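Protein chains in written order, with my numbering: chain S, 208 to 508; chain B, 208 to 508; chain L, 208 to 508; chain C, 208 to 508. Have a look at the structure below, then the notes.
There are 4 protein chains.
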Amino acid sequence: MNLPLKGIIPPMITPLTENGELDLIGLEKLIEHLISGGVHGIFILGTNGEGPSLTYALRKELIHNACKFVDHRVPVLVGITDTSFEGSIEIAQCSKEAEADAVVVAPPYYFPVSQSEMMEYLENLIPELPLPVMMYNMPSHTKLHLSLETVRKAKELGAIGIKDSSGDMAYFYSLIEEFKGSPEFSIITGTELFIPESIIHGGDGAVAGGANFFPRLYVDLYEASLANDKKAITELRNKVIKVYDTIYSVGKHTSRITKGTKTALAVMGICNDYMAQPLRKFKPNERRKIKEYIEEFEKIN
Amino acid sequence: MNLPLKGIIPPMITPLTENGELDLIGLEKLIEHLISGGVHGIFILGTNGEGPSLTYALRKELIHNACKFVDHRVPVLVGITDTSFEGSIEIAQCSKEAEADAVVVAPPYYFPVSQSEMMEYLENLIPELPLPVMMYNMPSHTKLHLSLETVRKAKELGAIGIKDSSGDMAYFYSLIEEFKGSPEFSIITGTELFIPESIIHGGDGAVAGGANFFPRLYVDLYEASLANDKKAITELRNKVIKVYDTIYSVGKHTSRITKGTKTALAVMGICNDYMAQPLRKFKPNERRKIKEYIEEFEKIN
Amino acid sequence: MNLPLKGIIPPMITPLTENGELDLIGLEKLIEHLISGGVHGIFILGTNGEGPSLTYALRKELIHNACKFVDHRVPVLVGITDTSFEGSIEIAQCSKEAEADAVVVAPPYYFPVSQSEMMEYLENLIPELPLPVMMYNMPSHTKLHLSLETVRKAKELGAIGIKDSSGDMAYFYSLIEEFKGSPEFSIITGTELFIPESIIHGGDGAVAGGANFFPRLYVDLYEASLANDKKAITELRNKVIKVYDTIYSVGKHTSRITKGTKTALAVMGICNDYMAQPLRKFKPNERRKIKEYIEEFEKIN
Amino acid sequence: MNLPLKGIIPPMITPLTENGELDLIGLEKLIEHLISGGVHGIFILGTNGEGPSLTYALRKELIHNACKFVDHRVPVLVGITDTSFEGSIEIAQCSKEAEADAVVVAPPYYFPVSQSEMMEYLENLIPELPLPVMMYNMPSHTKLHLSLETVRKAKELGAIGIKDSSGDMAYFYSLIEEFKGSPEFSIITGTELFIPESIIHGGDGAVAGGANFFPRLYVDLYEASLANDKKAITELRNKVIKVYDTIYSVGKHTSRITKGTKTALAVMGICNDYMAQPLRKFKPNERRKIKEYIEEFEKIN
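Shown next, in the form of structure tokens:
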């Protein structure tokens, strides 16, 4: 894997069957959809991937199958965050065996931990991991907003980058500033709307949820951003804005983003929209809206 | 198991060895310590039990051994809360096999869920559980403060009671008021300081962390409260106040309660004080303070 | 004043001199800047206006002078939110005397209040107010996210609309859905980035902070949105995105938006950038960045 | 005023008439009630005093009359916290004129401020204040939990102490540890339940809301704590526990403490129970409960 990690790395949703098993057919179709869309990597078992909601058996089955289907065409990153330290290592080892490329680590999310407790946790965890480590900042779900000091500590321990899903652009720019002397350390945004700015300011890529259903859109946007092609950026970002306004605005509660993403793939015929508990698939009227939105997008292409 | 569930039910800490395995000798000593202290039940794999930090294998080993050591002398309640729905059921089934008496359910704690999402979750979960269900309100860790409506829904689905660890006495009293027509539904407090008031107002018992090290103290306090013996209540509660002022006030961060509890047991020679990541055992100077405090307690008895 | 209130209504910053007095020359220049930029109304004493940081004397001086300078060319809305109920009424009465057009009400922000306490507060406050009332949803500063039920109650009591600064688009769309049968009730967004979507979905306008420095930009965007002119929307929104990426991304802490806005006006020569305590003007290097950004914007126009 | 400030300093409620004016007769009775109860100081215009809800005119009228009625028998501390910097100074100057003894400062509470912004705020504010300054830590209402570093900065700027209402005992003990070399710097608790421990650990006193209605109880508890008279401590604290269980447990929402305190004084015939908006007096059934509780207390004395 070349460093820094770069480009569009979708936080892949996990295709499930009605009875909660891995939807292998959907998984293969989804991975082909992503790779043929030009993505630069695939991040499995993150928040959109409902990682914490899945059994270890299912997580491992997913890791093995995803790596097999991807077959080294792009790097595979595996979310290993877990409330169990040993569980994190177990998933990391499985990732190594399956020949994944890196693991992704966020704070264990049951006990509220302080920055100093998180630093000690990383000191214990990172040396145990058999693959390169990306940090993952996701304060809304993990209760901790990683401080610059904690990210520095992770880097000292060998982390190869950070994905920031805090939505705070000033924080993202401060990460770029902080690590500008380390070009091999990836600074990746989770905020789709500002992919061009993130890239132009020196960020390395985006973990873009919308790239699940429209991978080419986000890849094109990334490349237009690299080329600083303002016309293309504009046209492509308009579609990202439309994603926010449509697919991400159906339903209530913070879970609507993940639900909308999976439903979009379902109406596109790629996989079905069963969710892992506690999330539940959209009701028919919400699903119908997503269907109409996808059809609108198809018309404009 | 007679309903309502009553009395002092310690949220048992999980004795661990230096390399993170179950400390079986410590476990047996701890259970004997609790039962000889007169507790009315034992709640394993809760917050103090570091349940979410333990592997499934270790959780199952604990369940089987705890049930074996307890040998039906008191009810065993098992915390099954997990971000994985299937994981919760798996632990519940293991609890059934081990002949535990009930399981304890809090919101899955990674995705923030709304009250309506929680109600739907319970509709799906409770029918799958092979043992009676206690609800567990722990908003600081699970991100959701169970509304009265959600607790009512749990009761309709068959829940046998609720343990409230919110620390909000007015909420606790509103639970008592809400369910006063259902005497078999247990209302259990997690606030040790107000055990007498909780019992006198109609509450059924307490999940008291301090009963790990001083079970007799809390049992005596419960019985004095039942008897409304003001003199005894006063004397006993003074010791609970001293617990707050000493063992619960060492260290920083919210994790200090669990750490202090385990350290107290260690200095008493019952089990050692290794913690599961991300919590770490107290540093020597903090441990020394706990040791002094325990010695002070021993002097006054 | 025609209902519903519509269009671009800048939350005007309050020009101050070095010694904390009202900068009357700056104020007049700013108001001419806004009106010549085509704004449809002016909202004074909101969050960007540092309303709560100003003395009553200064607030009243501002109200009188702003109304005098505006001279009924556009509606003037006055933020009256205050922790003192009588203070709110006093500012409302001053607004009436100065011939302002409406007042804006958010929850009093010291005591945390529940939705039911807020409804009772509105029942007591609204009948005492001599001008039409707009509601203001600003949970990050007031500690309360107004529920649909509370907004309905405000409407029953006579409120003429709501400005939503929560940043939650699904909530904003649920407001539009809720009040679609009442076309005279204004639904105004505080989220500049999604002005086109807000208008196209049936929203009535935007309280856009960036319209302080670039009023024409936001007015043009509003009109392009009304006309559903996709080409113009795109071009104009690109500039709004650039505002987020530049002026709104200088400095740390949530206060950077207000500071950046005032600094932008200062480097444009409209008013100076002194802030009311506890906010402080940007340090020279931050100010320099804002200056460079404004110059870039000027080049592209 | 002798330093450190010591003893029981009630956060006095503000007696109001039905039409929201200062209840002068009630005020005089309340102050006599407090002083004859032996309090060591009186803190007016804090949270219990509904300071932020009162007009400046009423606050000043209160300051002058309270100081007049107290007539230097005990120190008077005046809460000057305000979202307006000038407003804080204005109330401080009025306090000086009225011959109050000190002012009390918490973070201005509308704009969320960082620790560094708070330190700069204190650097600007404290030199402008004509009276000694006590800091006030009240994170639930002001959005900022004062760090040890911020408190040190306040002390360097001349602050004479801190009142901590965070409810976090470990934080309180860390304050004592931090400032043990400065015996003239007061460390005052706002947590009534742990007054004995606070004093025994080296704290200087308590801003105890319950001392509004039962001043002698809290003064006796303070003195018993100073004397380390365990029997007296026990007996007196039992009554404080009963206050929590009764007067502080009526009603819902966090405002119930202030409402219960004022209602207790009303049923004791000292002043009436009108509140400043947004708080409203208890409904008749809640008032009846408070009345019964006060009667129970009277019986046990």
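Even glycine gets a Cβ: it sits at the ideal position worked out from N, Cα and C. Just so it is clear, the structure is predicted and the values come from calculations on it, not from any experiment.
Going by CA-CA distance only, name the one from the options that's closest to residue i.
i: Glu225 of chain C; options: C:Arg280, C:Ala483, C:Met208, C:Lys490; result: C:Ala483
i: Val283 of chain L; options: L:Glu356, L:Tyr481, L:Cys301; result: L:Cys301
i: Cys274 of chain L; options: L:Thr357, L:Ala309, L:Ser393; result: L:Ala309
i: Gly374 of chain B; options: B:His352, B:Asn272, B:His240; result: B:His352
i: Glu505 of chain L; options: L:Ala366, L:Lys350, L:Leu424; result: L:Leu424
i: Ile251 of chain S; options: S:Ser243, S:Leu234, S:Asn435; result: S:Leu234
i: Val311 of chain C; options: C:Glu327, C:His279, C:Asn209, C:Asp371; result: C:Asp371
i: Pro346 of chain L; options: C:Lys350, C:Lys469, C:Met345; result: C:Lys350
i: Leu400 of chain B; options: C:Leu241, C:Ile448, C:Asp411, C:Lys437; result: C:Ile448
i: Glu335 of chain B; options: B:Tyr500, B:Thr357, B:Ser295; result: B:Ser295
i: Lys496 of chain C; options: C:Val450, C:Pro485, C:Thr461; result: C:Val450
i: Ile232 of chain L; options: L:Lys362, L:Leu364, L:Gly476; result: L:Gly476
i: Gly503 of chain L; options: L:Arg487, L:Asp452, L:Lys459, L:Leu332; result: For the sequence presented, residue 503 of chain L should be read as Glu rather than Gly. Among L:Arg487, L:Asp452, L:Lys459, L:Leu332, the Cα nearest to that of Glu503 of chain L is on L:Asp452.
i: Thr465 of chain C; options: C:Ser260, C:Gly214, C:Ile238; result: C:Ser260
i: Thr510 of chain S; options: S:Lys437, S:Glu442, S:Tyr455, S:Glu304; result: Shown here, chain S extends from 208 to 508; a query on residue 510 of chain S therefore has no answer.
In three-state terms, what does DSSP make of residue i?
i: Asp371 of chain L; result: strand
i: Pro346 of chain L; result: helix
i: Val414 of chain C; result: coil
i: Pro403 of chain C; result: helix
i: Pro491 of chain S; result: helix
i: Gly476 of chain L; result: coil
i: Tyr316 of chain B; result: coil
i: Val450 of chain L; result: helix
i: Asp426 of chain B; result: For the sequence presented, residue 426 of chain B should be read as Val rather than Asp. Val426 of chain B: helix per DSSP, three-state reduction.
i: Glu257 of chain C; result: coil
i: Ser295 of chain S; result: helix
i: Arg359 of chain B; result: helix
Determine the direct distance from the alpha carbon of residue j to that of residue i, and round the result to whole angstroms.
i: Lys360 of chain L; j: Gly256 of chain L; result: 27 Å
i: Gly417 of chain S; j: Pro211 of chain S; result: 22 Å
i: Arg494 of chain L; j: Ala473 of chain L; result: 9 Å
i: Val246 of chain L; j: Pro217 of chain L; result: 7 Å
i: Val277 of chain C; j: Asp480 of chain B; result: 55 Å
i: Ile298 of chain L; j: Met342 of chain B; result: 49 Å
i: Gly467 of chain L; j: Glu228 of chain L; result: 20 Å
i: Pro403 of chain S; j: Leu428 of chain S; result: 7 Å
i: Leu338 of chain S; j: Ile507 of chain L; result: 47 Å
i: Ser381 of chain S; j: Phe489 of chain L; result: 17 Å
i: Phe292 of chain L; j: Phe292 of chain B; result: 49 Å
i: Phe421 of chain S; j: Ile220 of chain S; result: 13 Å
i: Thr392 of chain L; j: Thr396 of chain S; result: One detail in the question is off: residue 392 of chain L reads as Phe in this sequence, not Thr. Near 38 Å, if we compare the C-alpha coordinates of Thr396 of chain S and Phe392 of chain L.
i: Phe386 of chain B; j: Asn209 of chain B; result: 18 Å
i: Gly409 of chain L; j: Gly258 of chain S; result: 37 Å
i: Ile287 of chain S; j: Lys267 of chain S; result: 11 Å
Tell me, please, which residues DSSP counts as bridged to residue i.
i: Ser393 of chain B; result: B:Gly368
i: Leu223 of chain C; result: C:Leu229
i: Met482 of chain B; result: For Met482 of chain B, which the question treats as bridged, DSSP gives no partner whatsoever.
i: Val285 of chain B; result: B:Ile251, B:Val310
i: Val340 of chain C; result: C:Val310
i: Gly214 of chain C; result: C:Gly412
Residues of chain A with CB closer than 9 Å to the CB of residue i, please, in chain order.
i: Lys459 of chain S; result: Within the model displayed, chain A is absent; protein chains S, B, L and C are what it includes.
Of all the residues that make up the stretch 417–448 of chain B, which are near chain C by a beta-carbon distance shorter than 7 Å? Cβ contacts with chain C come from Thr441, Asn445.
Can you pull out the residues from the stretch 276–305 of chain L whose beta carbon lies closer than 8 Å to at least one beta carbon of chain C? Thr290, Ser291, Phe292, Glu293, Gly294, Glu297
Under 9 Å (Cβ pairs) to chain C, residues found in the stretch 344–357 of chain L: Result list: Ser347, His348, Thr349, Lys350.
What residues in the stretch 471–496 of chain L have a beta carbon less than 9 Å from any beta carbon of chain C? Ala483, Gln484, Pro485, Leu486, Arg487
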